[in-house]
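Count the sequence shown with the numbering used here and you get residues 4 to 272, in order.
Even glycine gets a Cβ: it sits at the ideal position worked out from N, Cα and C.
Nothing here was measured: the structure is a model prediction, and the numbers come from that model.
All remarks here apply to the structure that follows.
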Amino acid sequence: MLRLEFTPLLLFGLLVTVISPVLAIPTLETRDDLCNGYAALCSRTYGNVTYIGAHNSYAVSTDVAALSVNQNVDVTAQLNIGVRLLQAAGKLKGGAVQLCHTSCILWDGGSLTSWLTKIKSWMDSHPREVITLILTNGDALDANQYWVPSFTASGIMPYVYTPLSGSVARNTWPTLGSMISSGKRLVVIMDYPTNSGGVPWIITEFNNLWETPFSQIDANFPCKVDRVNGSPNGKMYMINHSLNYKFLVSDDIIVPDRAKAPTTNSVAS
């Protein structure tokens, strides 16, 4: 079955990490008393803040005929408008990780190294911001052999946060203020890491958070536990909020419901 997963276009597709009732849409100020745009967030733990995210943040085009894209603006612009969680899917191409949606034939979003370099550049000029990456490892690529070299080449490694253990309860994360002070303010999460035992900074997603169902065609967006390892109790969670419809009345292909994007991406949805 070919399953094309999209989010609505317009500003950005929403893959929302809901970790608390507090919604942090930051300003671009860099005052020393601000954390992700707000002074009040400095004393909050990472697991007690809500972050807006962009699904397939690398898949960018304004061409309506490009069915495999999710965003109208690039990753730098996404960060500038308040996105603090960036999702990307990696596939093996030419011996390195390439950012592709399902298949690089459908859409090739460039190299992982290039994407990370842009994020690193933005973080350099925004020293009071904590950023999260959610990585999809559909090809089960070895962490040390394929993922780590791109992080190293991009120069982003000094920002990477390493947790004290492989599973961290929602209420035991450090505060945003302490992460910013330490310089370790990039959280890297992967759905199914392979051979990552020697890479403690790649956090196994479903050991640490649960998700609601993705690829939704139901505008009511069912709120239930979908993917998690073990009990969801005490874990962070991610609310997938993107509306699709069946393409050509097929159960095998779904595409973004662009006509309803203004509603889907609104506060009312």
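Segment limits, beta strand (DSSP E) that includes residue i
i: Asp111; result: Asp111 to Ser114
i: Val270; result: Unbroken run through Val270: none, as it is neither H nor E.
i: Val100; result: Ala99 to Cys103
i: Gly93; result: Leu88 to Lys96
i: Asn243; result: Met239 to His244
i: Thr207; result: Ile205 to Thr207
i: Leu212; result: Leu212 to Glu214
i: Asn247; result: Asn247 to Lys249
Own chain, CB closer than 6 Å to residue i, minus 5 neighbours either side, in chain order
i: Lys187; result: Tyr164
i: Thr48; result: Trp176 and Thr178
i: Trp213; result: Val228, Val231, Pro235, Lys238 and Tyr240
i: Asp77; result: Val63
i: Tyr2; result: Outside the modelled stretch of the chain, which goes from 4 to 272, sits residue 2, for which no answer is possible.
i: Trp125; result: Thr79 and Leu82
Unbroken alpha helix (DSSP H) run spanning residue i, endpoints
i: Ile192; result: Run containing Ile192: none in the alpha helix (DSSP H); it sits in the beta strand (DSSP E), Leu189 to Met193.
i: Thr267; result: Ala264 to Thr267
i: Ile183; result: Leu179 to Ser185
i: Val151; result: Val151 to Ser157
i: Leu82; result: Val78 to Asn83
Distance, residue j Cα to residue i Cα
i: Gln74; j: Gly112; result: 11 Å
i: Val100; j: Ser64; result: 21 Å
i: Gly201; j: Val191; result: 15 Å
i: Thr79; j: Ile122; result: 7 Å
i: Ala271; j: Asp127; result: 35 Å
i: Ser168; j: Glu132; result: 23 Å
i: Ser218; j: Ala264; result: 14 Å
i: Val258; j: Ile84; result: 25 Å
i: Arg34; j: Tyr41; result: 10 Å
i: Leu37; j: Pro130; result: 10 Å
i: Lys249; j: Leu70; result: 13 Å
i: Leu251; j: Asp260; result: 13 Å
i: Ser117; j: Trp110; result: 16 Å
i: Val151; j: Val171; result: 22 Å
i: Met183; j: Ala92; result: The amino acid at residue 183 is misidentified as Met; the sequence shows Ile. Going from the Cα of Ile183 to the Cα of Ala92 covers about 27 Å.
i: Tyr162; j: Val72; result: 28 Å
i: Ser114; j: Tyr149; result: 12 Å
i: Val67; j: Asn174; result: 42 Å
i: Asn59; j: Ile137; result: 10 Å
Close beta carbons around residue i, own chain, < 8 Å, minus the five adjacent residues each side
i: Cys107; result: Lys94, Lys96 and Gln101
i: Pro216; result: Pro225, Lys227, Asp229 and Asn243
i: Gly275; result: Examination of residue 275 is not possible in this model, given that the chain is present from 4 through 272 alone.
i: Leu26; result: Below a pLDDT of 50, predicted positions are generally treated as unreliable, and Leu26, at 46, falls in that range; the measurement from the model is reported next regardless. Cβ neighbours of Leu26 beyond the five flanking positions: Thr53 and Ile55.
i: Arg87; result: Ala27, Pro29, Asn39, Tyr54, Ile55, Gly56, Glu132, Val133, Ile134 and Thr135
i: Ser269; result: none
i: Ala143; result: Tyr195 and Thr197
Beta-carbon contacts of residue i that lie in its chain and below 7 Å, excluding the five residues immediately before and after
i: Pro196; result: Asn140, Ala146, Ile205 and Thr207
i: Leu119; result: Ser153, Phe154, Ser157 and Ile159
i: Ser280; result: Any property of residue 280 remains undetermined from this structure, which presents the chain solely from 4 to 272.
i: Thr266; result: Ser272
i: Asn247; result: Phe9, Ser218, Gln219, Ile220, Ile257, Val258, Pro259 and Asp260
Which residues DSSP lists as bridging residue i, in chain order
i: Asp145; result: Thr197
i: Leu136; result: Leu89 and Val191
i: Ala62; result: DSSP lists no partner for Ala62.
i: Gly56; result: Leu88
i: Val163; result: Leu189
i: Tyr41; result: Cys38
i: Val258; result: Tyr248
i: Arg230; result: Glu214
i: Thr120; result: The partner list for Thr120 (beta bridge, DSSP) is empty, contrary to what the question assumes.
i: Thr48; result: Thr178
Cβ of residue i within 8 Å of any chain D Cβ
i: Tyr248; result: The chain labelled as chain D is not found in the depicted structure, where only one protein chain is given.
Contact test: residue i Cβ vs the ligand ADP heavy atom, cutoff 7 Å
i: Ala91; result: Ligands are entirely absent from the displayed structure, and the ligand ADP is therefore not among its contents.
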